[in-house]
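This report concerns only the one structure given below.
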Amino acid sequence: AQSVTQPDARVTVSEGASLQLRCKYSYSGTPYLFWYVQYPRQGLQLLLKYYSGDPVVQGVNGFEAEFIKSNSSFHLRKASVHWSDSAVYFCAVSACAQGLTFGLGTRVSVFP
Amino acid sequence: DTTVKQNPRYKLARVGKPVNLICSQTMNHDTMYWYQKKPNQAPKLLLFYYDKILNREADTFEKFQSSRPNNSFCSLYIGSAGLEYSAMYLCASSWARGTEVFFGKGTRLTVV
């Protein structure tokens, strides 16, 4: 069975600063990896996904993530955050026929 | 239109009473999912339909029922609600397991 660990429950950053959210997964095969964001009173929205190929994937709103197989990691990054990036971010892994397995999420608070 | 719609957005139920949640999608996706999300926990997959085939997670097998009368609609049914069922219920759909999954805004169920 697969699992996802997001070690940081909360992250606070200043507007304009860079952001990195950590994600480590456990899966014996080749995973499909995702980052979702949940804004207040909204459903989950896909930020980016990795299936294969270039390990650095670009997503919406300036987010990117890097797949490092040797470290079983899929960290999310943004060079300069905006107050509207305040949300909960979920890392997820998908294995064939088993749906998405999510991490606990990281709540990001951006202060002006 | 890549929306998944859930009704209602908020639902109040009494302990011991049945609950039925509705989800629809217009993307003709072959797979529809139901997740349960509680505060400070990861979204948890309850069950999913691949076409007409229902797959339920082992630890929630007896707690939730579902039906998919056609490709666009899927319901989640709780026969007798308990306090522990209070949560956000997220419906999602995709073309096939392991590809991009689209989420609805969720139904917040409160059992009293």
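Heads up: the protein sequence lines correspond to chains A and B, in order. 25 is the number that my numbering gives to position 25 of the first sequence; each next residue is one higher, with no gaps. 38 is the number that my numbering gives to position 38 of the second sequence; each next residue is one higher, with no gaps. Note that CB positions come from ideal geometry on N, CA and C, so glycine has one too. From a predicted model like this one, the values you see are computed outputs, not experimental measurements.
For residue i and chain A, any beta-carbon pair shorter than 8 Å?
i	result
residue 73(B)	no
residue 42(B)	yes
residue 10(B)	no
residue 64(B)	no
residue 48(B)	yes
residue 45(B)	yes
Of the residues the options, which one's Cα is nearest the Cα of residue i?
i	options	result
residue 60(A)	93(A), 75(A), 49(A) and 70(A)	49(A)
residue 59(B)	67(B), 47(B), 109(B) and 24(B)	47(B)
residue 29(A)	87(A), 72(A), 36(A) and 76(A)	72(A)
residue 86(B)	4(B), 21(B), 5(B) and 3(B)	21(B)
residue 93(A)	53(A), 104(A) and 77(A)	104(A)
residue 91(A)	31(B), 14(B), 9(B) and 41(B)	41(B)
residue 71(B)	33(B), 19(B) and 14(B)	33(B)
residue 54(A)	64(A), 83(A), 81(A) and 45(A)	64(A)
residue 76(B)	39(B), 82(B) and 63(B)	63(B)
residue 109(B)	84(B), 25(B), 93(B) and 101(B)	84(B)
residue 91(B)	19(B), 18(B), 73(B) and 112(B)	73(B)
residue 82(A)	67(A), 9(A), 2(A) and 13(A)	13(A)
residue 68(A)	18(A), 56(A), 77(A) and 78(A)	56(A)
residue 30(B)	7(B), 99(B), 9(B) and 81(B)	99(B)
residue 147(B)	93(B), 13(B), 56(B) and 8(B)	Absent from the model: residue 147(B). The displayed extent of chain B is 1 to 112, so no value can be given.
residue 24(B)	93(B), 57(B) and 112(B)	93(B)
residue 35(B)	96(B), 95(B) and 57(B)	57(B)
Between the alpha carbons of residue i and residue j, how many angstroms are there, rounded?
i	j	result
residue 22(A)	residue 28(B)	34 Å
residue 24(A)	residue 3(B)	29 Å
residue 11(B)	residue 68(B)	21 Å
residue 5(B)	residue 11(A)	31 Å
residue 103(B)	residue 86(A)	19 Å
residue 84(A)	residue 44(B)	27 Å
residue 36(A)	residue 75(A)	12 Å
residue 15(A)	residue 112(A)	5 Å
residue 79(B)	residue 89(B)	16 Å
residue 26(B)	residue 46(A)	18 Å
residue 9(A)	residue 2(A)	20 Å
residue 52(B)	residue 38(A)	29 Å
residue 79(A)	residue 62(A)	8 Å
residue 77(A)	residue 33(A)	15 Å
So, does the CB of residue i fall closer than 8 Å to a CB anywhere in chain B?
i	result
residue 43(A)	yes
residue 24(A)	no
residue 46(A)	yes
residue 69(A)	no
residue 78(A)	no
Under 8 Å by Cβ, that's how I've got residue i and residue j pegged, so tell me the actual separation to the nearest angstrom.
i	j	result
residue 101(A)	residue 6(A)	Contact doesn't hold; Cβ gap of about 12 Å is too wide.
residue 144(A)	residue 95(A)	Residue 144(A) cannot be examined here, being either before or after the span of chain A that is shown, 1 to 112.
residue 43(A)	residue 38(B)	Residue 43(A) to residue 38(B), Cβ: 16 Å. No contact.
residue 19(A)	residue 108(A)	7 Å
residue 18(B)	residue 107(B)	No, residue 18(B) and residue 107(B) are not in contact; Cβ-Cβ is about 15 Å, not under 8 Å.
Give, in chain order, every residue of the segment 94-108 of chain A whose Cβ lies closer than 8 Å to some Cβ of chain B. 94, 95, 96, 97, 98, 99, 100, 101, 102, 103, 104 and 105
Give, in chain order, every residue of the segment 74-106 of chain B whose Cβ lies closer than 7 Å to some Cβ of chain A. 90, 97, 98, 100, 101, 103, 104, 105 and 106
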